[in-house]
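As numbered in UniProt numbering, residues 1 to 348 make up the sequence shown, in order. Glycine residues also receive a C-beta, built at the ideal position from the N, C-alpha and C atoms. Here the structure is laid out as structure tokens; the discussion comes afterwards.
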Amino acid sequence: MNASDRSAPTLALDYFDGRRARALRVQACIGDGMLHLRGDGVERSVPLRDVQWPERTRHGKRIAHLDDGASLHAPDAAAWDAWVQAAGQHDGLVSQVQQSWRWVFASVVLLLGLVALGYQWGLPWAARGVVSFVPHVVDETIGASAYASIGSHLLQPSALPQADQQRYRQAFQQAVQRAYPDGGAPDWQLHFHQSRIGPNAFALPGGTMVMTDELVKLVDGDADAIVGVLAHELGHVERRHGMRALVQATLLGAVASVAFGDFSGWLATAPVVLGQAAYSRHAEREADRDAIRLMKAAGISPLAMVRFFDKMAEKTGDREPSALGIAFASHPPDAERVAMFREAAATP
Numbered sequence: 001m002n003a004s005d006r007s008a009p010t011l012a013l014d015y016f017d018g019r020r021a022r023a024l025r026v027q028a029c030i031g032d033g034m035l036h037l038r039g040d041g042v043e044r045s046v047p048l049r050d051v052q053w054p055e056r057t058r059h060g061k062r063i064a065h066l067d068d069g070a071s072l073h074a075p076d077a078a079a080w081d082a083w084v085q086a087a088g089q090h091d092g093l094v095s096q097v098q099q100s101w102r103w104v105f106a107s108v109v110l111l112l113g114l115v116a117l118g119y120q121w122g123l124p125w126a127a128r129g130v131v132s133f134v135p136h137v138v139d140e141t142i143g144a145s146a147y148a149s150i151g152s153h154l155l156q157p158s159a160l161p162q163a164d165q166q167r168y169r170q171a172f173q174q175a176v177q178r179a180y181p182d183g184g185a186p187d188w189q190l191h192f193h194q195s196r197i198g199p200n201a202f203a204l205p206g207g208t209m210v211m212t213d214e215l216v217k218l219v220d221g222d223a224d225a226i227v228g229v230l231a232h233e234l235g236h237v238e239r240r241h242g243m244r245a246l247v248q249a250t251l252l253g254a255v256a257s258v259a260f261g262d263f264s265g266w267l268a269t270a271p272v273v274l275g276q277a278a279y280s281r282h283a284e285r286e287a288d289r290d291a292i293r294l295m296k297a298a299g300i301s302p303l304a305m306v307r308f309f310d311k312m313a314e315k316t317g318d319r320e321p322s323a324l325g326i327a328f329a330s331h332p333p334d335a336e337r338v339a340m341f342r343e344a345a346a347t348p
């Protein structure tokens, strides 16, 4: 230890050599880029770069680790901090941030912003990316399985005359051909059923679409309204909303389980339910825009969908989302959707 080291501030510490449980009392000082330890049979100098310095916290002892497994313990945290500062050692960036409420507040705001961005755009983008690598045969397999399951519990054979069913299929087929004059329309199969779910229509992965007899009766067989509803469901098929919903639910569940622990708890399931509802509403808006595009290409006024919602409002008593919605998933308010179709009808 040279003259400059002797004038450097010293601190009494407990030294553990990593081999014995007994603490050795040493005097420590810092100088010439080295940590010098002297006392109780210990005499060594360690380069500062080989010392893992503890972060400064409000409570608890300070423990510094050496590269050979030894460690230094300072029961008096305040004395350690004063000694380190007097020796010219400064807190790292992380420690400085942790000790500043302004930095902590800014970090929390940044974290919340990143979470919001991931929720709003990141997760849907990731779901689209994953689905793009999933072969369409997977959609068909899942759709067929879901159709069989739903059919065994909620659906019954249709009571609509075959001639009416064929007329609606043909009207929709003609509309699709006009909307896709060069081909490229997604595959679809339309099934009519009596049901326990009332006036409804829904699309399953792979192109299976179901329309209930009750919905046909609700619109008094209005072919244009039926085509509009089916155009909406075809939008779900084309954008693979069903598969995206499965992927998003899986990703949301994984994130929630990491963030909140036990997935069975309500705190973990609530973000999944709320997140899926928000993504579903976005999917419904996309499908409504697709329906408008198809209807206009087929020469059908979007006002046909306004008539549909009017009939639904008479059935339910309001324009708010209900169990008698156009599909199983959560939807935007009916009033918002009606306004969209009215605006589309007024726009050339």
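Since residue 47 is in the beta strand (DSSP E), which residue starts that stretch and which ends it?
Per DSSP, residue 47 belongs to the beta strand (DSSP E) from 42–47.
Here's a check: name, in chain order, each residue in its chain whose Cβ is nearer than 6 Å to the Cβ of residue 211, leaving out the five neighbours to either side.
The residues are 192, 201.
Report the three-state DSSP secondary structure of residue 30 (helix, strand or coil).
Three-state DSSP puts residue 30 in a strand.
Could you tell me which of 337, 301, 316 sits nearest to residue 285, measuring between CA atoms?
Taking only the C-alpha atoms, the option nearest residue 285 is 337.
Hey, quick one: how far does the beta strand (DSSP E) through residue 63 stretch, first residue to last?
First-last of the beta strand (DSSP E) with residue 63: 62–66.
Please classify residue 19 as buried or exposed, where buried requires at least 16 neighbouring CB atoms within 10 angstroms.
Exposed is the call here.
How would you label residue 240, buried or exposed, when you count the other beta carbons within 10 angstroms and need 16 or more for buried?
Result: buried.
Kindly say whether residue 162, judged by its beta-carbon, lies nearer than 8 Å to any beta-carbon of chain D.
In the displayed structure, chain D is absent; only one protein chain is listed.
Who are the Cβ neighbours of residue 303 in its own chain at under 6 Å, not counting the five residues just before and after it?
For residue 303, where only same-chain residues beyond five positions count, the Cβ hits under 6 Å are 345.
Where DSSP assigns a beta bridge to residue 432, which residues make up the other side?
In the structure as shown, the chain starts at 1 and stops at 348, and residue 432 therefore has no counterpart that could be examined.
I need the boundaries of the alpha helix (DSSP H) containing residue 132, first residue and last residue.
Residue 132 -> alpha helix (DSSP H) spans 123–132.
Straight-line CA distance for residue 27 to residue 57?
Looking at the two C-alpha atoms, the distance is approximately 23 Å.
Look at the Cβ atom of residue 228, then the Cβ atom of residue 305, and state whether they are nearer than 8 Å.
Going by C-beta atoms, residue 228 is nearer than 8 Å to residue 305.
Taking 8 Å as the cut-off, decide whether the C-beta atoms of residue 281 and residue 205 are in contact.
Not in contact: residue 281 and residue 205 (Cβ atoms no closer than 8 Å).
What did DSSP end up calling residue 180 once you bin it into helix, strand or coil?
Looking at residue 180 - three-state DSSP - the assignment turns out to be coil, as it is neither helix nor strand.
How about the stretch 287–302 and the stretch 163–178: do they share at least three Cβ pairs that are nearer than 8 Å?
Touching, yes, given that three or more Cβ pairs across the two stretches are closer than 8 Å.
Leaving aside the five residues before and after residue 160 along the sequence, list all residues of the same chain whose C-beta is less than 7 Å from its C-beta, in chain order.
Cβ neighbours of residue 160 beyond the five flanking positions: 192, 213, 216.
Could you check where the beta strand (DSSP E) with residue 13 kicks off and where it finishes?
First-last of the beta strand (DSSP E) with residue 13: 10–16.
Pick from 52, 49, 14: whose alpha carbon is nearest that of residue 39?
Closest option to residue 39, Cα to Cα, is 14.
Keeping to the same chain, check which residues put their C-beta closer than 7 Å to that of residue 77; ignore five residues upstream and five downstream.
Same-chain partners within the cutoff: 60, 61, 62.
Buried or exposed: which applies to residue 72, given that a residue is buried once 16 or more other Cβ atoms fall within 10 Å of its Cβ?
Residue 72 comes out buried.
Based on Cα-Cα distance, which residue from 222, 55, 209 lies nearest to residue 234?
The shortest C-alpha separation from residue 234 is found at 209.
Assuming residue 74 is part of the alpha helix (DSSP H), what are its boundary residues?
First-last for residue 74: 71–74, but that is the beta strand (DSSP E), not the alpha helix (DSSP H).
Note down, in chain order, each residue of its chain lying with its Cβ closer than 7 Å to the Cβ of residue 66, except the 5 sequence neighbours on either side.
46, 50, 51.
Give the secondary structure of residue 344 by DSSP, where H, G and I count as helix, E and B as strand, and everything else as coil.
If DSSP states are grouped into helix, strand and coil, residue 344 belongs with the helices.
Kindly list the residues whose CB is nearer than 6 Å to the CB of residue 75, restricted to its own chain and excluding five residues on each side of it in sequence; keep chain order.
Closer than 6 Å at Cβ, skipping near neighbours: 61.
Any idea if residue 83 is buried or exposed, counting beta-carbon neighbours within 10 angstroms, 16 or more meaning buried?
By the 10 Å Cβ count, residue 83 comes out buried.
With DSSP as the reference, identify every bridge partner of residue 37, one or two as the case may be.
Per DSSP, 28, 44.
Where does residue 374 land, buried or exposed, given buried means 16+ other C-beta within 10 angstroms?
Residue coverage of the chain in this structure runs from 1 to 348, which leaves residue 374 outside it and unanswerable.
Could you tell me whether the Cβ atoms of residue 190 and residue 167 are closer together than 8 Å?
Contact: no.
Can you tell me which of 315, 310, 23 puts its alpha carbon nearest to the alpha carbon of residue 335?
Taking only the C-alpha atoms, the option nearest residue 335 is 310.
Got a sec? Which residues, its chain only, sit under 7 Å from residue 29 by beta carbon, not counting five neighbours each side?
Correct list, in chain order: 5, 8, 9, 10, 36.
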